[in-house]
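From first to last, the protein sequence lines are chains A and B.
Counted the way UniProt numbering counts, the first sequence spans residues 1 to 757.
Counted the way UniProt numbering counts, the second sequence spans residues 1 to 757.
There are 2 protein chains.
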Amino acid sequence: EVCFLGDRLLTQKSVMVNGTVFCNKNESGPIFQHYCADNNSDSCQYFKDPSVEARVVKAIPGLASGVFMKNIKSRYTEVNKVIGTTAEGSESRGEILADLTSSFMILLAIYFPSVTGIMAGSNRSGDLADGQKSIPTGTIAACSTTSLVYLSCVLFFAACIEGDVMRDKYGDSIGGALIIGMIAWPHEWVIVIGAFLSCLGAGLQSITGAPRLFQAIAKDNVVPFLRVFSVTRKNGEPLRALLLTAMITEIGILIGNLDHVAPIITMFFLMCYAFVNMACALQTLLQTPNWRPRFKYYHWSMSLLGVALCLVLMFISSWYFALAALAIAFGIYKYIEFKGAENEWGDGIRGLAMSAARYSLLRLQSGPPHTKNWRPQLLVLIKMDEELQPKYSKLVLFASQLKAGKGLVIVNSVLAGKFRDRFPDAQSCKQSLSNLIKTYNVKGFSDVSIASDVSEGLCQIIQNAGLGGLKHNTVLLGWPNDWRHDEDENSYMVFLETVKNVGAAGLALLVPKGIDRFPDPGVKVRGTIDVWWIVHDGGLLMLLPFLLRQERTWKNCKLRIFTVAQTEDNSIQMKKDLQTYLYQLRIEADVDVVEMSTTDISAYTYERTLMMEQRTDLLSKIKQQQEENFGNTLRVPTITLSTVPEEGNDIDHTEINQRSMDKSQFTFTPQDAKALVDKSKKPDKHNVRRMHTAVRLNEHIVEKSREAQLVILNLPAPPKSDSGAESYMEFLEVLTEGLDRVLMVRGTGREVITIYS
Amino acid sequence: EVCFLGDRLLTQKSVMVNGTVFCNKNESGPIFQHYCADNNSDSCQYFKDPSVEARVVKAIPGLASGVFMKNIKSRYTEVNKVIGTTAEGSESRGEILADLTSSFMILLAIYFPSVTGIMAGSNRSGDLADGQKSIPTGTIAACSTTSLVYLSCVLFFAACIEGDVMRDKYGDSIGGALIIGMIAWPHEWVIVIGAFLSCLGAGLQSITGAPRLFQAIAKDNVVPFLRVFSVTRKNGEPLRALLLTAMITEIGILIGNLDHVAPIITMFFLMCYAFVNMACALQTLLQTPNWRPRFKYYHWSMSLLGVALCLVLMFISSWYFALAALAIAFGIYKYIEFKGAENEWGDGIRGLAMSAARYSLLRLQSGPPHTKNWRPQLLVLIKMDEELQPKYSKLVLFASQLKAGKGLVIVNSVLAGKFRDRFPDAQSCKQSLSNLIKTYNVKGFSDVSIASDVSEGLCQIIQNAGLGGLKHNTVLLGWPNDWRHDEDENSYMVFLETVKNVGAAGLALLVPKGIDRFPDPGVKVRGTIDVWWIVHDGGLLMLLPFLLRQERTWKNCKLRIFTVAQTEDNSIQMKKDLQTYLYQLRIEADVDVVEMSTTDISAYTYERTLMMEQRTDLLSKIKQQQEENFGNTLRVPTITLSTVPEEGNDIDHTEINQRSMDKSQFTFTPQDAKALVDKSKKPDKHNVRRMHTAVRLNEHIVEKSREAQLVILNLPAPPKSDSGAESYMEFLEVLTEGLDRVLMVRGTGREVITIYS
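Given below as structure tokens:
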């Protein structure tokens with residue numbers, strides 16, 4: 001029996017005098033003492049209100065009393081209000097106050113941990129004879145039983161006990177007794193002892209089980225910093241884990257109020273459930289072949305619903321705890337990923353990444369990008385030396401400096417040999433290439449392939465590298481430095497073949513010469529980048545220095561653009577036009593027009609040409625001899641000086657001129673070179689003429705750009721026939737003589753730069 | 001001058017009798033008539049309240065009056081309340097009511113369109129001499145001027161006019177006049193005429209400009225259904241666009257209230273700004289090389305801030321309009337994308353897709369996936385016929401049926417020839433392959449490469465296809481159907497070389513035989529898929545039927561698994577073990593163990609072997625003759641019958657046995673075949689033995705699986721030497737004789753299926 005004043009429940013202590021309850025409004029009674037001692041307060045007014053009466057109510061009216069209908073409506077308590085009412089209460093008046101503002105969500109969070117034993121069950125599933133079959137049935141049965149028992153308890157309590165008495169958490173209205181004890185049979189101590197034993201049992205079980213689980217996790221070495229907890233004592237007791245568990249438990253106890261601990265526990269339970277559900281949904285949605293749930297009624301939408309419910313519950317019950325919990329989970333995930341722990345399990349995220357990559361690539365496939373979106377997608381062809389190490393590793397560094405960090409970089413190499421024999425070599429090459437890429441911090445891909453013929457292999461790589469929309473559009477090829485001293489002609493023939501193939505495939509080509517002298521990583525060079533814009537083949541020459549200057553190494557370099565004019569050209573107008581063009585391109589550069597006169601062939605040029613011709617002659621003779629020795633007459637070298645090598649820029653001229661007439665009014669072509677060739681029809685003079693152009697151009701370049709940090713110029717078209725190979729190489733050597741770092745560029749003729757942003 | 005009753009502003013009409021204002025509480029006055037006609041209502045009580053007095057207040061007290069301080073606080077009106085108060089008003093009492101609930105955001109939305117002329121300015125930037133330079137300066141100047149003028153207007157109004165009078169939208173308190181007109185100099189008509197002219201001007205300008213802009217958009221043909229609006233009349237007037245514009249305008253007018261139209265307009269303006277900003281931010285963040293903003297102080301964070309502000313404003317001012325606007329924008333985008341309009345501009349989304357693809361691929365790179373994540377990533381090698389059309393196109397269909405829709409499918413082909421000559425052929429092949437892929441709705445990639453030698457080319461493709469983490473792990477190769485009738489041996493030598501290369505590269509291999517008889521798309525087959533599990537090489541044999549049955553075509557097929565036991569094996573125990581294993585794998589299948597006895601070699605086997613040997617002999621003789629005729633003696637065919645071809649499963653046996661001992665207790669190997677080989681050391685008998693095994697096995701398979709829709713069995717290892725090529729092919733033919741659809745599978749020995757999910 002409890003005492004109410006109006007709708008305010010009073011503590012037993014406050015209405016009891018000498019062991020007798022005085023639950024009335026007599027002026028001598030204890031209620032009057034509490035409420036109206038000063039005779040004029042708010043509480044006294046309440047006391048004097050005639051509609052407020054003191055009444056003794058049965059705490060447990062029983063099932064038949066109809067208290068159920070009274071209790072079925074929701075009524076939440078607010079902290080420091082009298083329970084069941086909205087009035088400010090005071091303990092000194094003997095009113096029972098709520099110590100927690102409650103709401104549906106808070107109560108749910110408190111209730112939740114009591115139904116979370118299901119996961120604990122599946123932890124022990126290893127002992128089951130046939131876990132796959134038992135777990136679903138067992139879990140569902142457990143869930144329904146638990147729900148039934150718990151919910152019926154709730155309903156029966158509601159049907160038996162006065163609502164406000166139930167809200168009286170510490171049982172003050174019934175003298176500190178347990179209300180559940182009062183309805184227990186045969187004695188109220190059953191409850192106390194039962195609860196005590198249950199707590200003790202669960203506690204003991206947890207304090208022995210949890211450290212073992214924790215130690216097992218630590219032993220898996222997935223989270224490296226937990227390793228200290230993996231040791232056990234001689235008798236198998238995980239002491240350190242036990243101590244940590246005890247510490248965590250102690251923290252829980254020190255918080256001192258189950259109502260405050262429960263929401264935190266709820267968070268972790270919910271997160272655990274959410275992630276289990278998410279993993280299931282992910283596996284199903286990604287159609288992992290090894291994900292074959294046996295449970296017949298499984299559907300991914302259920303899992304997704306589970307994830308959603310868990311997350312919603314987490315955020316509703318306490319959004320800051322939820323955020324913190326998610327942050328912790330994310331932190332652990334990133335930590336594990338960072339530590340690169342040998343994960344013994346599959347990775348759903350990997351499947352996601354795969355899907356994303358596939359989807360993006362398919363999306364990219366829909367055709368070549370617009371000029372506005374053009375960016376160099378580099379294919380770097382690297383040569384391997386005898387120790388299977390990359391030979392000119394700075395090519396990769398240069399590729400990364402081209403700000404291709406945001407584009408694609410594929411680093412590839414070819415080993416000569418038979419595929420089935422050299423497979424292990426290729427693997428080690430692949431390793432050293434990927435190390436190289438990591439060293440220079442290039443976000444790119446590397447691969448090595450084996451081909452019986454290196455030229456053929458490079459050609460295949462040029463065709464096959466990349467996938468879908470991620471195809472290279474520019475090839476970065478090292479200059480064969482030792483081509484003159486190489487015993488076999490292979491070195492420069494491979495180079496030349498590749499140059500031709502790249503051209504045939506419609507890709508742009510970059511050939512850095514003197515790559516070993518290119519700046520080291522981290523070095524900041526100061527000076528100028530000089531562009532010698534001789535042929536307009538798509539504007540790649542303009543774009544490259546702009547890209548280079550985005551990078552730290554070349555940031556402080558000034559850009560200078562040189563173009564070549566004949567004496568009869570209006571070089572002032574030309575310069576002005578070029579300046580306007582650059583302004584519209586929004587590229588800052590100094591512009592200079594170099595005039596080249598059609599002077600006589602200098603002595604030096606003659607000399608060089610002669611040298612080259614003699615050498616070619618000599619070499620072809622030696623080769624002939626060698627081949628005769630081997631008795632192989634199939635390949636008769638046709639290198640004779642009477643054969644005319646293709647003039648470097650010839651092909652481009654006509655093409656570009658025609659095309660650029662309607663496209664752009666800015667075409668700068670070495671008219672002089674062309675004129676020279678046209679005039680002199682005598683074939684034996686051709687090499688001389690050619691060399692003359694090279695020497696003259698080189699003179700100008702060296703004069704202007706000797707101090708430049710980088711000289712960028714057009715790579716002339718290679719000769720169509722094989723015969724001109726050597727003179728072409730020599731031509732390039734002469735052209736770039738006396739320059740430290742040269743980048744030769746051959747565009748595709750398609751525009752890669754635009755004045756529209 | 002206006003009349004207040006208390007703080008309620010009254011209309012001039014209600015307090016005016018015969019042209020005279022009676023703003024007093026006399027019982028005969030008009031206010032009393034309105035408020036207290038019935039003498040006992042709420043309004044009468046308000047009227048009688050002594051603190052409420054009628055007062056005449058100056059509407060425009062002027063700058064010096066200090067009304068500014070009174071107006072500076074925000075006070076929003078609520079619909080149907082008396083303006084400036086929270087009292088319910090009634091027009092019949094002459095009170096001025098608010099016709100709109102206002103808030104900061106609503107007022108902002110109404111104010112916004114008046115400052116949106118900036119975009120209109122940039123529309124006309126084509127006329128500028130140097131737009132790049134003028135637009136930033138011009139825009140900033142325009143913004144600041146506009147802001148200054150507008151804001152000073154707001155402040156001056158606040159400083160001059162009584163707040164409630166300003167809130168009186170229709171000027172009822174001053175007899176319907178314009179309050180701004182009252183302070184205009186020299187006459188109030190200045191305002192009326194000015195506003196009228198301004199409206200007329202803006203309206204005329206818009207009604208002539210907008211249709212032209214609209215017609216231009218329609219003419220661009222980006223949004224195809226707008227095409228009808230692209231026509232103009234003879235005099236260049238876009239009549240249809242004009243009519244549409246007029247219609248839209250009419251809708252605006254019919255809404256009838258600027259306060260309701262303004263928020264809608266604001267939405268579209270904000271969205272326009274948001275997208276412009278987003279495009280800028282995207283370009284910068286993706287470092288598009290052709291995005292080079294000239295404006296020095298440009299930073300992407302500003303753009304992002306702009307996007308955020310626009311979106312926030314949109315959602316704050318009206319979230320449903322915002323959602324609708326975004327939905328419309330998204331719809332238009334998708335529509336344009338769907339129509340695949342020839343877009344003349346770059347696509348920022350493409351850059352995003354590129355970044356996403358790159359990032360995902362790099363993420364995938366970190367090593368081979370766990371068994372749990374294994375899925376077939378197919379490389380389909382397709383042969384092209386003379387017309388450059390794919391030969392066995394159903395290979396692609398079969399690949400798609402392997403549920404590789406969620407994995408990777410790369411369809412590749414090799415053309416024989418010189419790269420530079422056949423480049424156009426390759427392009428047309430590429431086109432037909434990608435059409436094929438589209439036809440079968442495979443989400444995959446296709447490519448064609450040219451190689452001088454087809455075997456070499458295929459080997460290169462096997463090495464080079466894929467990128468980063470998206471590498472194939474399984475090769476799908478067609479069976480060379482006509483290998484016996486092909487004049488040159490090329491067909492099956494290429495096949496055999498490729499089988500060997502695939503093995504060397506550590507990839508799985510699938511060889512469907514009778515691909516032309518495989519089910520057509522959309523056909524649903526019923527029956528069984530029979531797996532003959534002879535060698536355990538990673539479980540691919542188990543996984544494939546599971547994957548196939550995920551697809552509609554094979555969904556209704558039942559799975560049967562056959563394994564081969566010797567007579568001395570405990571076949572009952574074997575069956576039981578296998579059933580348990582399958583149960584743990586969660587694969588539903590009938591299990592059958594076939595017993596093979598070591599019976600004598602049947603007459604048929606002898607016959608077949610003899611036939612094969614005779615044929616091989618004959619062929620090698622012919623070949624020798626041919627080569628002698630050509631005078632080429634370099635390649636002496638070493639095919640003699642004394643050479644022992646590699647026993648099909650031999651290599652696997654020992655390897656697998658050793659490995660699987662510790663890994664898995666379930667290994668099913670054709671012990672009989674091995675035993676046979678071990679016993680008979682005589683080399684000339686080897687082919688006979690081999691063929692015997694094949695014939696016996698084939699008998700069993702045909703007996704059990706004649707009716708099966710698909711038979712899946714192990715592909716034996718190819719012979720190491722070239723000499724056994726023909727007998728190997730013959731062996732396979734015998735093995736699969738009498739079967740309709742066969743899929744031969746060669747795993748890598750690495751586990752691809754796991755009992756753990």
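Just so you know, even glycine gets a beta-carbon here, dropped at the ideal spot from N, CA and C.
- Taking a cut-off of 8 Å for Cβ pairs, the stretch 527–539 of chain B and the stretch 554–563 of chain B touch, as three or more such pairs fall below it.
- Annotation: C199/B to L258/B spans about 13 Å, alpha carbon to alpha carbon.
- With its beta carbon less than 9 Å from one in chain A, S360/B belongs to the interface.
- Straight-line spacing of the CA atoms in A694/A and G468/A works out to 41 Å.
- Identification of chain B residues near S449/A by a Cβ-Cβ cut-off of 8 Å yields Q460, Q463, N464, ordered along the chain.
- Contiguous alpha helix (DSSP H) elements confined to the stretch 29–116 of chain A occur at 30–36, 42–48, 67–71, 104–111, taking only those with 4 or more residues.
- Look at A426/A: its C-beta is under 9 Å from a C-beta on chain B.
- Using a Cβ-Cβ distance cut-off of 8 Å, the stretch 56–69 of chain A and the stretch 1–19 of chain A are in contact, since at least three pairs of beta carbons, one from each stretch, lie closer than that value.
- According to DSSP, residue pairing for D530/B in a beta bridge involves R560/B, V711/B.
- T748/A: not part of any alpha helix (DSSP H); DSSP gives it neither H nor E.
- Under the three-state reduction of DSSP, F22/B is assigned to coil, being neither helix nor strand.
- The three-state secondary structure of D164/B, taken from DSSP, is helix.
- Of all residues in the stretch 374–388 of chain A, those with a C-beta nearer than 7 Å to a C-beta of chain B are W374, R375, reading in chain order.
- At least 9 Å separates the CB of M278/A from every CB of chain B.
- Pairing Y46/B with A87/B gives a Cβ-Cβ distance under 9 Å.
- Unbroken beta strand (DSSP E) stretches of 3 residues or longer found wholly inside the stretch 453–482 of chain A: 474–477, given in chain order.
- Comparing alpha carbon positions, the residue from R292/A, V67/A, N71/A, R167/A closest to L582/B is R292/A.
- Interface criterion met: the Cβ of G457/B is under 9 Å from a Cβ in chain A.
- Counting other Cβ atoms within 10 Å of its Cβ, I255/B stays below 16 and is therefore classed as exposed.
- Q389/A and D520/A have their C-alpha atoms spaced approximately 19 Å apart.
- In the DSSP annotation of this structure, R741/A is not part of any alpha helix (DSSP H), being labelled neither H nor E.
- Closest option to G62/B, judged by alpha-carbon separation, among L155/B, A279/B, S318/B, S134/B: L155/B.
- Not a single CB atom of chain A sits nearer than 9 Å to the CB of Q579/B.
- Interface flag for K406/A against chain B is set, since a Cβ pair is found closer than 9 Å.
- A399/A is outside the set of residues whose beta carbon lies under 9 Å from a beta carbon in chain B.
- Taking a cut-off of 8 Å for Cβ pairs, the stretch 443–452 of chain A and the stretch 407–421 of chain A touch, as three or more such pairs fall below it.
- The beta carbon of G351/B falls within 9 Å of a beta carbon belonging to chain A, placing the residue at that interface.
- Going by C-alpha positions, G444/A is about 36 Å away from Q132/B.
- The Cβ atoms of A246/B and Q215/B do not sit closer than 9 Å to each other.
- Contacts with chain A at 9 Å (Cβ-Cβ) do not include F731/B.
- Following the DSSP letters along the chain, one finds N570/A in no alpha helix (DSSP H), marked with neither H nor E.
- F275/A is outside the set of residues whose beta carbon lies under 9 Å from a beta carbon in chain B.
- For L242/A, the uninterrupted alpha helix (DSSP H) run begins and ends at 239–255, by DSSP.
- Under the 10 Å beta carbon count, G19/A is surrounded by fewer than 16 other beta carbons and is classified as exposed.
- Residues of chain A with a Cβ closer than 7 Å to the Cβ of M744/B do not exist; the shortest Cβ-Cβ separation is about 20 Å.
- Against chain A, the beta carbon of R294/B has neighbours under 8 Å at R586, listed in chain order.
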